[in-house]
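Numbering (the UniProt record's numbering), first residue to last: 1 to 378. These notes concern the structure reproduced below.
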Amino acid sequence: MEDIQRFQRSLKDFDYFKDFQCFLNIKHNSRARATHIKKRNPRFNPLTDLNEHKFRLKYRYTKENLRRIIEIVRDDLEIEYFEPLKREQVPIDLQILSAIRLWGGTEHPKLTAMAHGVSLRTLAKITRRVASVLSSKASRYIRMPATLSEKERSGSAFQAIANMPQVIGALLQTTVRFQPENCAPDLDGEELLPALTSREEELHIQIVCDAAHKIRDLDIRLIDEQSMLTDTEMFGLSKIKDRFEQNEFRGRILLGNEMVRCSSSLFTPVRFPRNQSEELYNHAHAVTYASARKCLNLLMSRFGILATEIQGSHGSAKQTITALAILHNMAMEWVDPSIDTEQNISPFNSTFFNSIGRSPKSGDDNNRRQFIKTHFAC
1 MEDIQRFQRS
11 LKDFDYFKDF
21 QCFLNIKHNS
31 RARATHIKKR
41 NPRFNPLTDL
51 NEHKFRLKYR
61 YTKENLRRII
71 EIVRDDLEIE
81 YFEPLKREQV
91 PIDLQILSAI
101 RLWGGTEHPK
111 LTAMAHGVSL
121 RTLAKITRRV
131 ASVLSSKASR
141 YIRMPATLSE
151 KERSGSAFQA
161 IANMPQVIGA
171 LLQTTVRFQP
181 ENCAPDLDGE
191 ELLPALTSRE
201 EELHIQIVCD
211 AAHKIRDLDI
221 RLIDEQSMLT
231 DTEMFGLSKI
241 KDRFEQNEFR
251 GRILLGNEMV
261 RCSSSLFTPV
271 RFPRNQSEEL
281 YNHAHAVTYA
291 SARKCLNLLM
301 SRFGILATEI
311 QGSHGSAKQT
321 ITALAILHNM
331 AMEWVDPSID
341 TEQNISPFNS
351 TFFNSIGRSP
361 KSGDDNNRRQ
371 FIKTHFAC
């Protein structure tokens, strides 16, 4: 009987030992998980990890203004976030920051992706998403003066430059290259990476800016190699020309360069001035029109990607350019000091070159002739 009792006690001892082992295993696993969590590096946050100077160099805005952009875009970006990433989701703030840093063109895209802990493919998806959300706000941030007071303020600002009256905008055209992407597997075969096609295409961009270098109208068209249209023909296809023909801006004019044809609403320089009045007009035109050149130079200085090429489809490239125009207008409105607006930016020479460079035939200059006689007569 005593032997049976001893045997039962030993069985209980074994049960206690097993319970103790389970306790030790649980404690060990919890410590391992805690150690693993502690070893995980926190995600890079440029708003806190970079000083103001380095932040401006990389992100082309002050921290304060980029926080404002994040707040403007955040809600829409969260709504549009319909396709979750396979790995850990990138915070909304870092999505916006990484897209703007890529557009700044201050480094190789792979370095931008590495800095934010994402792959090139993920960075491409992020930038397309951010560009889509920003471009949807174009009607709010890119618009011509609508009310009478807005038109008068715009005209007064231009007239204050060189006493050129009735001007409501300066028009300039240029081209930007883009390359469509294909998807190719990486070396490990685990992820699809963007691969450039051999085909390179161009977009024709027409902007109308005001005296404060803000973009007031934007027209983007794919250049068809089969029918290379001149700048004048491109202007004829734009909505802004229709708006002037419909007398929406009655009594006001646009200024254009020598690559477009003079018309009743678009005044260009006199190619061969014959008297002092025309020379005075040409001088006032050149000084006033410098606003358009400087606007384009400021846009490219802030977003270096425009000087290289944009990757993506025709539609995504248009959205990216529209997004950059909106971001440019925000910077102008907030007087963002991230890029030096005077250093190496000549208002008389644009860093963009127009690929459609055929000089137009003489246009309808009767209105211009009367304008010169009225405002620039000696």
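Ideal placement from N, C-alpha and C gives every residue a C-beta, glycine not left out.
Kindly indicate which residue of the options has the alpha-carbon position closest to the one of residue i.
i	options	result
L171	S136, I142, H283, D217	D217
L299	S263, H314, F235, I207	I207
D242	M228, D219, I223, E258	D219
H116	F371, F158, L47	L47
L120	A99, S132, A131, V133	A99
A211	K63, H283, R153, H204	R153
R128	A323, T374, K151	A323
M228	D93, T175, K110, E52	T175
N366	A325, L266, L66	L266
G315	C378, A131, A377	A131
G155	S313, C378, C209	C209
F376	P273, T62, L237	P273
R199	G304, Q311, K54	Q311
Q319	N45, K63, S149, R221	R221
A331	R43, K63, K54, H53	K63
Q95	N51, K125, K54	K125
R101	I305, P337, T374, C378	I305
residue 448	N247, S149, P337	One cannot answer for residue 448 here, as it falls past the ends of the chain, which runs 1 to 378.
N163	H283, E248, C295	H283
K54	A317, I339, S238	I339
N247	D49, S264, T268, C378	S264
Is the distance from the Cβ of residue i to the Cβ of residue j below 7 Å?
i	j	result
R293	R60	no
F178	E78	no
F235	V270	no
C262	R369	no
I161	V287	yes
D75	V133	no
L123	A113	yes
I223	E202	yes
A325	I215	yes
Q173	D231	yes
N329	Y141	yes
Assuming residue i and residue j form a contact by the criterion Cβ under 8 Å, report the distance between their Cβ atoms to the nearest whole angstrom.
i	j	result
H285	L255	6 Å
Y289	N257	7 Å
D93	I69	With a Cβ gap of about 10 Å, D93 and I69 do not count as contacting.
R67	K151	That belief does not hold up - the Cβ atoms of R67 and K151 are roughly 33 Å apart, past 8 Å.
L118	V73	Per the sequence shown, residue 118 should be read as Val rather than Leu. Their Cβ separation, rounded to whole angstroms, is 18 Å, which puts V118 and V73 out of contact at 8 Å.
P180	S313	6 Å
I321	I205	6 Å
Return yes when the C-beta of residue i is under 6 Å from any heavy atom of the ligand GDP, and no when it is not.
i	result
R74	Questions concerning the ligand GDP fall outside what the structure shown contains, since it holds no ligand whatsoever.
Closer than 7 Å, CB to CB, is residue i near chain D or not?
i	result
F158	Note that chain D does not occur in the displayed structure, where there is just one protein chain.
Take every Cβ of the segment 272–279, pair it with every Cβ of the segment 132–151, and state whether three or more of those distances are shorter than 8 Å. No: fewer than three Cβ pairs fall under 8 Å.
Self-check item: contact_flag[the segment 122–139, the segment 150–167] where n(CB pairs < 8 Å) is 3 or more
Solution: Note that the segment 122–139 does not touch the segment 150–167; fewer than 3 beta-carbon pairs, one per stretch, sit closer than 8 Å.
Would you be able to state if there are at least three C-beta pairs under 8 Å between the segment 90–108 and the segment 53–73? Cβ pair count under 8 Å is three or more, so yes.
- Task: Pick out the complete alpha helix (DSSP H) segments inside the segment 44–128, 4 residues or longer, and give them in chain order.
- Result: Unbroken alpha helix (DSSP H) stretches of 4 residues or longer found wholly inside the segment 44–128: 46–49, 52–59, 63–80, 92–104, 109–115, given in chain order.
To test your reading of the DSSP string, which unbroken beta strand (DSSP E) runs of 3 or more residues are found completely within the segment 190–259? Within the segment 190–259, the complete beta strand (DSSP E) segments of 3 residues or longer fall at 192–196, 201–209, 215–222, 253–255, listed in chain order.
>> Extract the residue ranges of the alpha helix (DSSP H) inside the segment 122–169, only unbroken runs of 4 or more that lie entirely within it.
In response: Counting whole runs of 4 or more residues, the segment 122–169 contains the alpha helix (DSSP H) stretches 138–141, 148–162.
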